[in-house]
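The block underneath contains the structure these notes are about, expressed in structure tokens.
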């Protein structure tokens, strides 16, 4: 869900950056500036539909369904927490909050994933470099590029540590992973010394013919989210 | 074109901050087009020598470096890294660390553009290298999705884009399966045709022995030319010791500890099964080898046996404790000293009072309990984990590729240690050169998701390789 897809290269970089950042802004708006939960849920549902539409342009249907399953999973977890707290006499969360909570989580997750699905790492590096953050942009790319292998090591360490301590000290997994990160950083520094960063051959485009579709659908979303406050919910 | 000096090292001394001298007066000359192999014990200084030649010893590790290193007649000391990268390229142990762009093609082209500073020249260089290395199909893939062998091949392509006069390979066979080793040998032939000068630092040297021009042993900080001795000893041992073996099935000594019944597994709900109908029985005293090329599902199978992954169909019955030792052995350790490691593990296993037994095992392995587990060599880390398992009386011990990065001699010693263990042991490996008949009770091959019993191994040669290693490096007999 966090890998860039070339399927959206018919749209300009500017349009894709604007779409991704507008979605994040709308999410913040829906979260913090809604008068009540029902308004917020309606806004989030609209944003989620748009996110799913964009994701469907980039990914296969299976991945989108997986994304939707997340809502269900988090709703179930929320419900379990509620009933457990209720049974134990603890301060239980409001059950009405469980669905919006799951919805918030999924919309924010998808929203942030769009930052990487719509805009490639090279484009990010180029944008950040032009904004005067060249070193940070490179460090960012190097760190992001190591995420898949780090996830693999996480699974390896989880298996080994769980059995070694008979499932008792799962937090100890942090030690070998932290050490591995240090060693990886040093090896990355070695590789940087030998090969340096690849030259950036990225053309950041400001307009393409198809942008109009993206802008119009975004305008519809912004108008819809803004007008929800006026609805008698 | 042979004869022009590419690398000249004279009286090279290197030590790490606050450490003793690792290299003590190295002299070496490598001519253009030559392929040179350097072998030696773990910790003998092979990687340090590679770091010194590439200038990394000073810049990254702040080593004290004395002596002289000339690359194509130019002094390495003080050379700017941009200039240095045009003279020497390093292909390190972990090829995945050398890619910054997620797509292999983007990374290679980006590097070509950096080197040539012109789009057309970069495209030409990129296409030439990609075709020469036969990696066109890899250019559209993410680097983290390709196998270790493919990643190394792509990294070699990156290394030769700059036309560097010297290519250094640090343990290139470390993560490769048998097919990957054959590919690497082919790659060396290709580099020979391209007249590239190559230096290889490798533990698993037998497949390379007849392919290189010179063989050196690095021992006690000094380099010795053993080219002719290596070849004559290899020939002599080939006649004395058989190559390969036929296997007679043995059985474990005791109770049934683990049983996998008709296990099916896949990661992707809509994808094909990675494992299909796996049946396996493990008794106490069994030492089982599961051989398979990379990507066949060996690690997945071990994680299912360990209980970390659940099979989609079938079941796994465990009748005892299980310990999993990962391929990246550093992920096994969690404490600042080995003594703390032992105490914590014994506490978790409710055997706090028996921690002394664990510490005795540590001392028996000639390891200082007050040292950090992370300061040990790869081989020592694996042996310590096996020692701990034996002190804890673990019933089932699962090891994923424990031999990678070990010398032949250390492989043999580890096998002997596993054979003496009182546990049921399962070892997953992708290379048959780590196998030898007397130590296994069952042999399996994992191929296309199925586990098939093996009756013979044609390439097994660990005892021969270990003897060759001992004769060349001069280590004590195991």
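Residue numbers (my numbering), protein chains in the order written: chain P, 1 to 233; chain F, 1001 to 1478. Note that the Cβ used here is the ideal one computed from N, Cα and C, for glycine as well.
Could one say the Cβ of residue i lies closer than 9 angstroms to chain A's Cβ atoms, at least one of them?
i, result
"residue 165/P", "Absent from the structure: chain A. Protein chains present are P and F."
What do you get for residue i, buried or exposed, if any count of 16 or more other CB atoms within 10 angstroms of its CB means buried?
i, result
"residue 1270/F", "exposed"
"residue 130/P", "exposed"
"residue 200/P", "buried"
"residue 1117/F", "exposed"
"residue 1464/F", "buried"
"residue 1379/F", "buried"
"residue 1080/F", "exposed"
"residue 1193/F", "exposed"
"residue 1018/F", "exposed"
"residue 219/P", "exposed"
"residue 1163/F", "exposed"
"residue 90/P", "exposed"
"residue 1028/F", "buried"
"residue 171/P", "exposed"
"residue 72/P", "exposed"
"residue 126/P", "buried"
"residue 1430/F", "buried"
"residue 1199/F", "buried"
"residue 1236/F", "exposed"
"residue 1267/F", "exposed"
"residue 184/P", "buried"
"residue 1169/F", "buried"
"residue 1171/F", "buried"
"residue 1002/F", "Its pLDDT being 49, under 50, residue 1002/F is placed unreliably by the model, and nothing is read from it."
"residue 1476/F", "In this prediction, residue 1476/F has a pLDDT of 48, which is less than 50 and means its spatial position is unreliable; nothing more can be read from the coordinates."
"residue 1131/F", "exposed"
"residue 1352/F", "exposed"
"residue 1478/F", "With a pLDDT of 38 at residue 1478/F, under the threshold of 50, the modelled position of that residue is not reliable, and the figure given next carries that caveat. Residue 1478/F is exposed by the Cβ-count criterion."
At which residues does the alpha helix (DSSP H) containing residue i begin and terminate?
i, result
"residue 1114/F", "1104-1116"
"residue 116/P", "98-117"
"residue 1048/F", "1046-1053"
"residue 237/P", "The displayed coordinates of chain P run from 1 to 233. Any statement about residue 237/P would go beyond what the structure contains."
"residue 1073/F", "Taken as a continuous stretch (DSSP letters only), residue 1073/F belongs to no alpha helix (DSSP H), as it is neither H nor E."
"residue 1379/F", "1378-1391"
"residue 1021/F", "Not the alpha helix (DSSP H): residue 1021/F falls in the beta strand (DSSP E), residues 1021-1031."
"residue 1168/F", "No alpha helix (DSSP H) contains residue 1168/F, which is instead part of the beta strand (DSSP E) from 1166-1170."
"residue 1063/F", "Note, residue 1063/F: premise wrong, no alpha helix (DSSP H); not H, not E."
"residue 1015/F", "From DSSP, residue 1015/F is part of no alpha helix (DSSP H) but of the beta strand (DSSP E) over 1005-1015."
"residue 195/P", "174-195"
"residue 1224/F", "Looking at the DSSP string, residue 1224/F is not in any alpha helix (DSSP H); the run it does join, the beta strand (DSSP E), is 1222-1225."
"residue 1356/F", "1355-1364"
What residue range is occupied by the uninterrupted beta strand (DSSP E) comprising residue i?
i, result
"residue 1201/F", "1197-1201"
"residue 1090/F", "1088-1091"
"residue 1260/F", "1256-1265"
"residue 226/P", "Looking at the DSSP string, residue 226/P is not in any beta strand (DSSP E); the run it does join, the alpha helix (DSSP H), is 211-228."
"residue 1124/F", "First-last for residue 1124/F: 1119-1133, but that is the alpha helix (DSSP H), not the beta strand (DSSP E)."
"residue 1399/F", "1396-1400"
"residue 1216/F", "1214-1219"
Does the beta carbon of residue i fall short of 8 angstroms from some heavy atom of the ligand GTP?
i, result
"residue 119/P", "Looking for the ligand GTP in the displayed structure turns up nothing, as the structure carries no ligands at all."
Assess contact between the stretch 1363-1372 of chain F and the stretch 205-216 of chain P, defined as three or more Cβ pairs (one per stretch) separated by less than 8 angstroms. Is contact present?
The stretch 1363-1372 of chain F vs the stretch 205-216 of chain P: no contact.
Write down every uninterrupted run of the beta strand (DSSP E) in the stretch 1422-1457 of chain F whose length is 3 residues or greater and which is fully enclosed by it, in chain order.
Listed in chain order, they are 1424-1429, 1442-1447 and 1450-1453.
For the 8 angstroms Cβ check, are there 3 or more pairs between the stretch 9-17 of chain P and the stretch 112-120 of chain P?
By the criterion of at least three beta-carbon pairs nearer than 8 angstroms, the stretch 9-17 of chain P is in contact with the stretch 112-120 of chain P.
What residues from the stretch 192-219 of chain P come within 8 angstroms of chain F, judged by C-beta to C-beta, listed N to C?
Listed by position along the chain: 193, 194, 195, 196, 197, 198, 199, 200 and 201.
Residues in the stretch 1069-1086 of chain F with C-beta within 9 angstroms of chain P's C-beta atoms, listed in sequence order?
Against chain P - using a Cβ distance shorter than 9 angstroms - the residues of the stretch 1069-1086 of chain F are 1081, 1082, 1084 and 1085.
Output, in sequence order along the chain, the residues in the stretch 126-145 of chain P whose CB is closer than 7 angstroms to any CB in chain F.
Result list: 141, 142 and 145.
Interface residues of the stretch 1161-1186 of chain F facing chain P [CB-CB below 7 angstroms]
Taken residue by residue, none of the stretch 1161-1186 of chain F has a beta-carbon sitting less than 7 angstroms from a beta-carbon on chain P.
Contact between the stretch 174-186 of chain P and the stretch 147-165 of chain P is defined here as three or more beta-carbon pairs at a separation below 8 angstroms; is this criterion met?
Between the stretch 174-186 of chain P and the stretch 147-165 of chain P, the count of C-beta pairs closer than 8 angstroms reaches three or more; the two stretches touch.
Compile a chain-ordered list of the residues in the stretch 172-184 of chain P whose CB is closer than 9 angstroms to at least one CB of chain F.
Under the 9 angstroms Cβ criterion, the stretch 172-184 of chain P contributes 172, 173, 174, 175, 176, 177, 179, 180, 183 and 184.
Segment contact flag, the stretch 1402-1422 of chain F with the stretch 1036-1043 of chain F, C-beta cutoff 8 angstroms, min 3 pairs
Result yes; three or more Cβ-Cβ pairs closer than 8 angstroms.
Does the pairing of the stretch 1283-1291 of chain F with the stretch 1324-1337 of chain F give three or more beta-carbon distances under 8 angstroms?
Too few Cβ pairs lie closer than 8 angstroms, so no.
Does the stretch 1442-1455 of chain F come within contact of the stretch 1290-1297 of chain F, defined as at least 3 CB pairs closer than 8 angstroms?
Because the criterion of three Cβ pairs below 8 angstroms is met, the stretch 1442-1455 of chain F and the stretch 1290-1297 of chain F touch.
Whole alpha helix (DSSP H) runs in the stretch 1286-1337 of chain F with 4 or more residues, listed along the chain?
Those alpha helix (DSSP H) runs which fall completely within the stretch 1286-1337 of chain F and span 4+ residues are 1298-1306.
What ranges does the beta strand (DSSP E) occupy inside the stretch 117-169 of chain P, keeping only unbroken runs of at least 3 residues that lie completely in it?
DSSP runs (the beta strand (DSSP E)) wholly in the stretch 117-169 of chain P: none.
In chain order, what residues of the stretch 1295-1313 of chain F put their CB closer than 7 angstroms to some CB of chain P?
Of all residues in the stretch 1295-1313 of chain F, the ones placed with a Cβ closer than 7 angstroms to any Cβ belonging to chain P are 1303, 1306 and 1308, in chain order.
Flag this pair as touching only if the stretch 1383-1400 of chain F and the stretch 1350-1365 of chain F have three or more C-beta atom pairs under 8 angstroms; answer yes or no.
When C-beta atoms of the stretch 1383-1400 of chain F are compared with those of the stretch 1350-1365 of chain F, three or more pairs fall below 8 angstroms, so the two segments count as touching.
Length-filtered (4 minimum) alpha helix (DSSP H) runs lying within the stretch 19-52 of chain P:
Taking 4 residues as the shortest admissible run, the stretch 19-52 of chain P contains no complete alpha helix (DSSP H) segment at all.
Assess, as a yes-or-no matter, whether the stretch 1258-1267 of chain F is touched by the stretch 1306-1321 of chain F under the definition of 3 or more beta carbon pairs within less than 8 angstroms.
Short answer: they touch.
Near-chain P residues of the stretch 1337-1357 of chain F (beta-carbon distance less than 7 angstroms), N- to C-terminal order
Flagged, chain order: 1345, 1348 and 1349.
Counting Cβ pairs, one atom from each stretch, are 3 or more of them under 8 angstroms apart for the stretch 1056-1074 of chain F and the stretch 1213-1233 of chain F?
The answer is no - the stretch 1213-1233 of chain F does not touch the stretch 1056-1074 of chain F, with fewer than three Cβ pairs under 8 angstroms.
State whether the stretch 1120-1129 of chain F contacts the stretch 1048-1063 of chain F, with contact taken as three or more CB pairs (one from each stretch) at a distance under 8 angstroms.
No, the stretch 1120-1129 of chain F is not in contact with the stretch 1048-1063 of chain F.
Contact set between the stretch 7-41 of chain P and chain F, restricted to residues whose Cβ is under 8 angstroms from the partner:
Of all residues in the stretch 7-41 of chain P, none comes within less than 8 angstroms of chain F when Cβ atoms are compared.
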